[in-house]
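Presented below is the structure to which this report refers.
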Amino acid sequence: MARHRSQPRIYVALDAANESRVRELLAALDPSLCGIKIGKEAFTVLGPRAVEWARQLGFPVFLDLKFHDIPNTVAQACRAASDLDVALVNVHASGGRRMLEAAREAIGASENAPALIAVTVLTSMEDADLAEIGVTDGAEVQVGRLARLTAEAGLDGVVCSAREAASMRAIFPGEDGLVVTPGVRPAGSARDDQRRVVTPTEALANGATSLVIGRPITAAADPGRALETIVAGL
Ligand code: C5P
Numbered sequence: 172m173a174r175h176r177s178q179p180r181i182y183v184a185l186d187a188a189n190e191s192r193v194r195e196l197l198a199a200l201d202p203s204l205c206g207i208k209i210g211k212e213a214f215t216v217l218g219p220r221a222v223e224w225a226r227q228l229g230f231p232v233f234l235d236l237k238f239h240d241i242p243n244t245v246a247q248a249c250r251a252a253s254d255l256d257v258a259l260v261n262v263h264a265s266g267g268r269r270m271l272e273a274a275r276e277a278i279g280a281s282e283n284a285p286a287l288i289a290v291t292v293l294t295s296m297e298d299a300d301l302a303e304i305g306v307t308d309g310a311e312v313q314v315g316r317l318a319r320l321t322a323e324a325g326l327d328g329v330v331c332s333a334r335e336a337a338s339m340r341a342i343f344p345g346e347d348g349l350v351v352t353p354g355v356r357p358a359g360s361a362r363d364d365q366r367r368v369v370t371p372t373e374a375l376a377n378g379a380t381s382l383v384i385g386r387p388i389t390a391a392a393d394p395g396r397a398l399e400t401i402v403a404g405l
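Those letters in the sequence shown? Residues 172 to 405, by my numbering.
In structure tokens, the structure reads:
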């Protein structure tokens, strides 16, 4: 039996935070081609309604709230996310083993349960930022350490840069292992504020199992067509 819901190949990052824009984007996209990622900004403004709108249209939802708190609080938040019928939930691996295990237990491992993944080191942090908070081994070592801890705690995978995808896939192998990568840009599209981008095909070849793509789709004149073009090129 699968240990979590199956995942779409693409999650479109819905970073809009007003109802009419969110509804417009949802209406423009085909739920058989993608899931929807709802993050802190949209969720803080719109609340669980945003998840419901996407679910009603048949989209799998990645609730990207990166929970990081004491184990009991994270477990309750994960249970609440499960009740929203989402497909994917995430936490910060730096919350530690007991927090990760509490999240795992709260989510459960059935084919109807959301998948549960962790953020290792935020890609906005460089070695110097880590050193300032006492992590002196550098980002690469810390990413590996936290990914192994995440696997030991029984989580399903990680969010990471496509550049780290191959080494992460080795830690989360098989059909149930998940490596979810943002920072993806189709060849020729604007990089926006992303720095180290890869194309969708490169990300999948590197071992990514789902891609998070925002502005190349949401800022396109025709978001539905932009999504179809990306899917056709995979
Ligand atoms: O528009 P774009 O494709 O850059 O959107 C990427 C999405 O993935 C945004 O929601 C962004 O916050 C998120 N993300 C990211 N890089 C990370 C983690 C999350 O771009 N390392």
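Yeah, the Cβ is synthetic: ideal placement off N, Cα and C, and Gly gets one too.
- Beta-bridge partners assigned by DSSP to N261: I288.
- Around the CB of I388, 16 or more other CB atoms lie within 10 Å, so the residue is classed as buried.
- For the region 212–269, the full-length alpha helix (DSSP H) segments reaching 4 residues or more read 219–227 and 242–254 along the chain.
- Here T380 is buried: its Cβ has 16 or more other Cβ atoms, across all protein chains shown, within 10 Å.
- The criterion of a C-beta distance shorter than 8 Å is satisfied by D347 and H175.
- In terms of Cβ geometry, P371 and V355 form a close pair [threshold 8 Å].
- Taken from the Cβ of A277, every heavy atom of ligand 1 lies 7 Å or farther away.
- In the DSSP assignment, A184 is bridged to K208.
- Shown here, G328 sits in a strand according to DSSP, grouped into three states.
- Counting along the chain, I388 sits inside no beta strand (DSSP E); it lies in the alpha helix (DSSP H) bounded by residues R386 to T389.
- The three-state reading of DSSP puts L382 in strand, counting E and B together.
- Here the alpha carbons of V262 and G218 stand approximately 18 Å from one another.
- Rounded to whole angstroms, the gap between the alpha carbons of L320 and A392 is 42 Å.
- T321 sits in a helix when the DSSP states are folded into three classes.
- Remark: the shortest separation between the CB of T294 and any heavy atom of ligand 1 falls under 7 Å.
- Its Cα nearest to that of I278, the residue D254 stands out among R268, L301, D300 and D254.
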